[in-house]
Amino acid sequence: MFDDLADLYQQLILDHNKRPRNFRVLPDANCTAQGANPICGDNYTIYAKMDGDVVKEISFQGSGCAISKASASILTESLKGKTRAEVKNLFDKVHAMVTTGNLDGDVGKLAALAGVHKFPVRMKCAILPWNAAMAALDGKGETVSTETEKE
Amino acid sequence: MQTTKTVDWKTLRADFPILDQKVHGQPLLYLDNAATSQKPRAVIDALSRYYERDNANVHRGIHELSNRATAAFEAARVRAAKFLNARSADEIIFTRGTTEGINLVAAAWGTKFIKRGDKILLTEMEHHSNIVPWQLLAERTGAQLAFLPIDGDRGLLDPGRLDEFLTSDVKVLAMTHISNSLGTINPIAEYCERARRRGIVTLIDAAQSAGHRPIDVQQIGCDFLALSAHKMCGPTGFGVLYGRGERLEETPPYQGGGDMILTVDFHQSTWKHAPHRFEAGTPDISGAIALHAAMDYLDRIGRDRIAQHDLELGAYAFEKLAALQRIRLFGPTVGRAGLVSFLLDGVHAHDVVTVADQRGVALRGGHHCNQPLMKKLGVESTARASFYFYNTTEEIDRFVEVVREIQKFFDK
């Protein structure tokens, strides 16, 4: 009866939630962006140090649910050493996996997020750190939100 | 409707068809009643009976169905007046819910009577629906907002400090009867009386209280009181705004349209008296009829007994949760309404709600439309279990067991 839950909260997710990796400010970051979900209060900052087109260092800070925190933590482990194009490619795969459950190719540890697709209201949690990371790498330096504000 | 016989709360569950189902393979345990209550068969039947037999537009037809619809719609107004002990059915305005009721007061009454430099006094525990309409009014008029503080996690106002906030520039005091996050039951009659002595107009947000305890607007002494049908066994999208007769007479129209006018010329119109002046367009006729059935249903049980049961469920849940380790509870330790907000150490409220849902337990997690309050408490969100009379102590035991499981689950 707990199958879906075990899929959502895989041991790797629970572990990264409790002991997030690269959970710190990167003082010499040259690309940062914030990701916020005003509905639930999740808020993360992604710090990246780019060496040309390559992610040399990447870290994060912030707070939120187990899914968003673990997603951010695994993201930092996965993006280090990748080029912008490789990151974009990985993002597309993760996005498809989280929203449909279908995995096209190898995404390493990120596969632990596949169970999220059975919980539509939690997809935003998994994707939020990714949107922040993409904004950081694009050098936008802005806050990306799960909700669009209209003035 | 006072009787001495006791209620068998468990047998009342049979009146609510929705409660008899499984969710994720588990019996549904519905603990999100502060968001919306479930509906008894009597209310569902009243809705379908109206559409099957009497549906027509009100206040304009001469034919039989229109007469029936109009009679039923106005009978609901008389019933609502009795339910709230208003002096007259003319003090009952039908709205889309508490939110629209407060917006009506802020927009129509407020725009006429609130001026630059005036103060609008609220409390720190207000729902967004009793903050944002006043912010809009303050923006338009140049008035200021002020907030009665709460004393931290216990969530109590300090009546001893009320006088320092009731300054001569305060024109309105708008406050909630029962906090949807904290479960605090405010002594509104005392607050209204002290405000009224200074000529301050008062509004009570009764969204969380109207279906849970007797409401007597004359005893409370408020000028306005807003409620939502859907939190008291009635339909969604419908509500009541009570307005003291003299307040409504001085209030200009809220929205313009059909049904609220006496005469219309190309360049000017004249308005009906209250309450019709505030009900432009075809109203939710079925909503009024279903609310009538809901009020009858609640009074058949007895709102005094529902209130007692509500207090018992709130106290029981609070005591059981307080016995757990690594939990932070919000709201008063005694005399709380039937809801409990909590946070588990190291577990986000949304994770609590997701896991509980898989066990068939419907909770709410988030800021509960109380962002300023969450900020004051220093949290982003809480998980909340909120009860209604069809909930039982056995259900609360099962809920607390699930909370224990959640703690273990995230401890792995």
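Protein sequences, first through last, are from chains P and D. Residue numbers for the first sequence follow the working numbering, beginning at 1 and rising by one. Residue numbers for the second sequence follow the working numbering, beginning at 1001 and rising by one. No residue lacks a Cβ here, since even glycine has one placed at the ideal position from N, Cα and C.
Which of helix, strand or coil does DSSP assign to residue i?
i, result
"residue 47 (chain P)", "strand"
"residue 135 (chain P)", "helix"
"residue 1299 (chain D)", "helix"
"residue 1245 (chain D)", "helix"
"residue 61 (chain P)", "strand"
"residue 1270 (chain D)", "strand"
"residue 10 (chain P)", "coil"
"residue 23 (chain P)", "strand"
"residue 78 (chain P)", "helix"
"residue 1366 (chain D)", "strand"
"residue 1048 (chain D)", "helix"
"residue 1384 (chain D)", "strand"
"residue 1310 (chain D)", "helix"
"residue 71 (chain P)", "helix"
"residue 144 (chain P)", "strand"
"residue 1232 (chain D)", "coil"
"residue 1185 (chain D)", "strand"
"residue 1106 (chain D)", "helix"
"residue 1166 (chain D)", "coil"
"residue 150 (chain P)", "Note on residue 150 (chain P): pLDDT 46, under 50, position unreliable in the model; the coordinate value appears next. Here residue 150 (chain P) sits in coil by DSSP."
"residue 1007 (chain D)", "coil"
"residue 1073 (chain D)", "helix"
"residue 54 (chain P)", "strand"
"residue 1081 (chain D)", "helix"
"residue 1261 (chain D)", "strand"
Leaving aside the five residues before and after residue i along the sequence, list all residues of the same chain whose C-beta is less than 7 angstroms from its C-beta, in chain order.
i, result
"residue 28 (chain P)", "49"
"residue 1355 (chain D)", "1406 and 1409"
"residue 1013 (chain D)", "1019 and 1390"
"residue 1400 (chain D)", "1320 and 1321"
"residue 134 (chain P)", "91"
"residue 150 (chain P)", "For residue 150 (chain P), the predicted model reports a pLDDT of 46, less than 50, meaning its position is unreliable; a value from the coordinates is still stated below. So no residue of the chain qualifies."
From the DSSP output, which residues share a beta bridge with residue i?
i, result
"residue 31 (chain P)", "P:48"
"residue 1092 (chain D)", "D:1242"
"residue 981 (chain D)", "With chain D covering 1001 to 1412 only, the question about residue 981 (chain D) has no answer from this structure."
"residue 1146 (chain D)", "D:1121"
"residue 1339 (chain D)", "D:1386"
"residue 1205 (chain D)", "D:1176 and D:1226"
Keeping to the same chain, check which residues put their C-beta closer than 6 angstroms to that of residue i; ignore five residues upstream and five downstream.
i, result
"residue 1040 (chain D)", "1015, 1016, 1233 and 1297"
"residue 1223 (chain D)", "1201, 1202, 1244 and 1247"
"residue 1133 (chain D)", "1102, 1103 and 1106"
"residue 1001 (chain D)", "Note that residue 1001 (chain D) scores 46 on pLDDT, short of 50, meaning its location in the model is unreliable and no value can be drawn from it."
Can you give me the Cβ contacts of residue i inside the same chain, cut-off strictly under 8 angstroms, excluding the 5 residues immediately before and after it?
i, result
"residue 1316 (chain D)", "1393 and 1396"
"residue 1010 (chain D)", "1392"
"residue 1350 (chain D)", "1365, 1366 and 1381"
"residue 1280 (chain D)", "1253, 1254, 1255, 1256, 1257, 1258, 1259 and 1260"
"residue 1273 (chain D)", "1090 and 1249"
Members of the segment 9-32 of chain P near chain D, C-beta cut-off 9 angstroms: 9, 11, 14, 15, 17 and 18
Pull out every residue of the segment 1347-1376 of chain D whose Cβ sits closer than 7 angstroms to any Cβ of chain P, in chain order. 1348, 1350, 1351, 1354, 1355, 1358, 1366 and 1367
What residues from the segment 1025-1048 of chain D come within 9 angstroms of chain P, judged by C-beta to C-beta, listed N to C? 1025 and 1026
Segment contact, 8 angstroms Cβ cut-off, at least three pairs: the segment 1141-1153 of chain D with the segment 1384-1393 of chain D: no
Contact between the segment 1053-1072 of chain D and the segment 1026-1039 of chain D (3+ Cβ pairs under 8 angstroms): no
Assess, as a yes-or-no matter, whether the segment 1223-1238 of chain D is touched by the segment 1092-1107 of chain D under the definition of 3 or more beta carbon pairs within less than 8 angstroms. yes
For the 8 angstroms Cβ check, are there 3 or more pairs between the segment 1165-1184 of chain D and the segment 1119-1134 of chain D? yes
Going along the segment 63-76 of chain P in order, which residues come within less than 9 angstroms of chain D, judged by CB to CB distance? 63, 64, 65, 66, 67, 68 and 69
Counting only Cβ-Cβ distances shorter than 9 angstroms, please list the residues of the segment 115-142 of chain P near chain D, keeping chain order. 119, 121, 122 and 125
Interfacial residues, the segment 1095-1125 of chain D to chain P, with Cβ spacing under 8 angstroms: none
Got a sec: which bits of the segment 32-54 of chain P sit with their beta carbon under 9 angstroms from any beta carbon on chain D, in order along the chain? 38, 39, 40, 41, 42 and 43
With 9 angstroms as the limit, tell me which residues of the segment 96-117 of chain P have their beta carbon closer than that to any beta carbon of chain D; keep them in chain order. none
Does the pairing of the segment 1061-1078 of chain D with the segment 1193-1211 of chain D give three or more beta-carbon distances under 8 angstroms? no
Decide if the segment 117-128 of chain P is in contact with the segment 85-104 of chain P; the criterion is three or more beta carbon pairs, one per stretch, under 8 angstroms apart. yes
Specify whether the segment 63-77 of chain P and the segment 10-25 of chain P touch according to this definition: at least 3 beta carbon pairs, one from each stretch, less than 8 angstroms apart. yes
Could you say if the segment 1247-1259 of chain D and the segment 1297-1306 of chain D meet the contact criterion of at least three C-beta pairs nearer than 8 angstroms? no
Would the segment 1263-1270 of chain D and the segment 1065-1082 of chain D be scored as touching if the rule is three or more Cβ pairs under 8 angstroms? no
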